[in-house]
Amino acid sequence: MLAAPRAQQPDFGFRLRFHNGSILNVVGFVSGVLGIVQFGKDNLPQEKSAGSTVRITVGLDTKNGLSDAGGDLPDVRLFNEAGEFLGIKTNPGKVNSGESADITIDHNRDSGQQATYALFSANKDAICIAYTSITWPSGDQYAWVGDWGRQCGGSWYYSNVYISASGVTPDCLWIDGNHDAPQTGFQVHWPEFVNMGDSVPQSEADKEAQANVLCNAGPPFKMYNYPDQDPSSITYWAPHKHRSLRDNRLLTTGTSHGPSKSPLSARFRSLQHSSETNQTTTQPPIRKSLVIGDSDRHSAEELCGSATSFGPDFLNVQTGIFCRMSDKTTWPVCDGIQAIDNCFNKDLSQLIINRVAAREEPYRHIIDWTSGN
5 MLAAPRAQQP DFGFRLRFHN GSILNVVGFV SGVLGIVQFG KDNLPQEKSA GSTVRITVGL
65 DTKNGLSDAG GDLPDVRLFN EAGEFLGIKT NPGKVNSGES ADITIDHNRD SGQQATYALF
125 SANKDAICIA YTSITWPSGD QYAWVGDWGR QCGGSWYYSN VYISASGVTP DCLWIDGNHD
185 APQTGFQVHW PEFVNMGDSV PQSEADKEAQ ANVLCNAGPP FKMYNYPDQD PSSITYWAPH
245 KHRSLRDNRL LTTGTSHGPS KSPLSARFRS LQHSSETNQT TTQPPIRKSL VIGDSDRHSA
305 EELCGSATSF GPDFLNVQTG IFCRMSDKTT WPVCDGIQAI DNCFNKDLSQ LIINRVAARE
365 EPYRHIIDWT SGN
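Under our numbering, the residues of the sequence shown are numbered 5 to 377, in order.
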């Protein structure tokens, strides 16, 4: 973890505008290594003259769709580089599994200021965000990939959503307002995740140091956790008194508050209701699903080996390994000859332990990610 409240911060004052033809270079991960992920025009929302437009793309993309994988789009609050609140959009609607949805946030007083900070606050139906991008009133565009959720300790799953310009399938970050997932929201400081022509660190130590800053400094990327069900404030880079944001010297961090979604009394009632619901909840739909894949990018061992992964059980038929997410254990696939017990039976879609099916009821949804689907 970095020491707070000071950090050496790049000179964003001279670098906020970004134009590079039809390609946007975003700082993310390629095969698990810090690198550049390229976004094309089809990954970015169109320009609006009176506000900023944010695109949310969610994971768990399937051939026939998964009814429980989509969910509620998050509330979005925008702030400028000085931490001043610009606008909010609440209850923007639903997004389906594997799809994108655009949210336009009007700026206060029709301001054309740059919305360099965005705060995403989850609603009641969880979603797993593979990537998000923004277009300002000026036409400038930025993006962030869900790999950062996994890198920084958030609840994640394989998204199976392609970023078309790069062919990368990022991991996705789960957010939820009902405590089905720990994270209830997150903030992004867009300029810190777009490569402005700088070289990506080459050494492993330098890559780790940059990832550590982006994960732990506060303003670049920060996750908010239960019981904060309606995150409404951000941590931002604040200049020293009498210094401008263009001053490339040490900056401190500050906190800026946006409006709450609900009156205080309603928020207390919501918290009480959520607490009562969580005490009596049945098995969530996500635990009743099985994902089947064959990509070498989707490792069952890696998924089960992560303390922060969250999502359906997963079977990689290429490697013959099954990951049971409820207890993060891996099992071989039954072959009918040598492995007939303490293994996963593909034909029955059941984990067999001591010759007994481990599940009391079958999976409700089986999602096929294999290459032929």
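For each residue, glycine too, the CB sits at the ideal point set by N, CA and C.
All of these numbers come straight from a predicted model, not from anything done at the bench.
Between the stretch 160–170 and the stretch 184–193 there are fewer than three C-beta pairs closer than 8 Å, too few to call the two in contact. Per DSSP, Cys-156 lies in no alpha helix (DSSP H) and is assigned neither H nor E. Between the beta-carbon of Trp-160 and that of Asp-180 there is about 13 Å, and that puts the pair past the 8 Å contact cut. With the rule of 3 Cβ pairs closer than 8 Å, the stretch 51–65 does not count as touching the stretch 228–244. Secondary structure of Leu-307 (DSSP, three-state): helix. The beta carbon of Ile-107 is closer than 6 Å to those of Val-58, Val-80, Lys-93 and Pro-96 in its chain, skipping five residues each way along the sequence. Per DSSP, the continuous alpha helix (DSSP H) segment holding Cys-219 begins and ends at 208–220. Between the stretch 327–335 and the stretch 298–308, the count of C-beta pairs closer than 8 Å reaches three or more; the two stretches touch. Per DSSP, reduced to three states, the secondary structure at Asp-79 is strand. DSSP places Asp-339 outside both helix and strand once states are collapsed to three, so it counts as coil.
With distances taken between CA atoms, Gln-42 lies nearest to Val-30 out of Gly-36, Leu-355, Val-30 and Arg-328. In this structure, Ser-310 keeps its C-beta atom at 8 Å or more from the C-beta atom of Tyr-367.
Judged by their CB atoms, Leu-48 and Thr-173 are not nearer to each other than the 8 Å cut-off.
Annotation for Ile-356: Cys-338, Ile-344, Asp-345, Asn-346, Cys-347, Phe-348, Asn-349 and Ala-362 place their beta carbon closer than 8 Å to its own, counting only its chain and skipping 5 residues before and after.
For Asn-127, the CB contacts under 6 Å within the same chain, skipping 5 residues up- and downstream, are Asp-76 and Gly-181 in chain order.
Between Ser-330 and the set Phe-314, Thr-239 and Val-321, the nearest pair of CA atoms involves Phe-314. Counted as a single uninterrupted DSSP element, the beta strand (DSSP E) harbouring Thr-259 occupies residues 256–261. Beta-bridge pairing by DSSP links Leu-64 to no other residue. Scanning its chain for C-beta atoms nearer than 7 Å, with the 5 sequence neighbours on each side dropped, one finds around Asp-151 the residues Gly-32, Phe-33, Pro-174 and Asp-175, in chain order.
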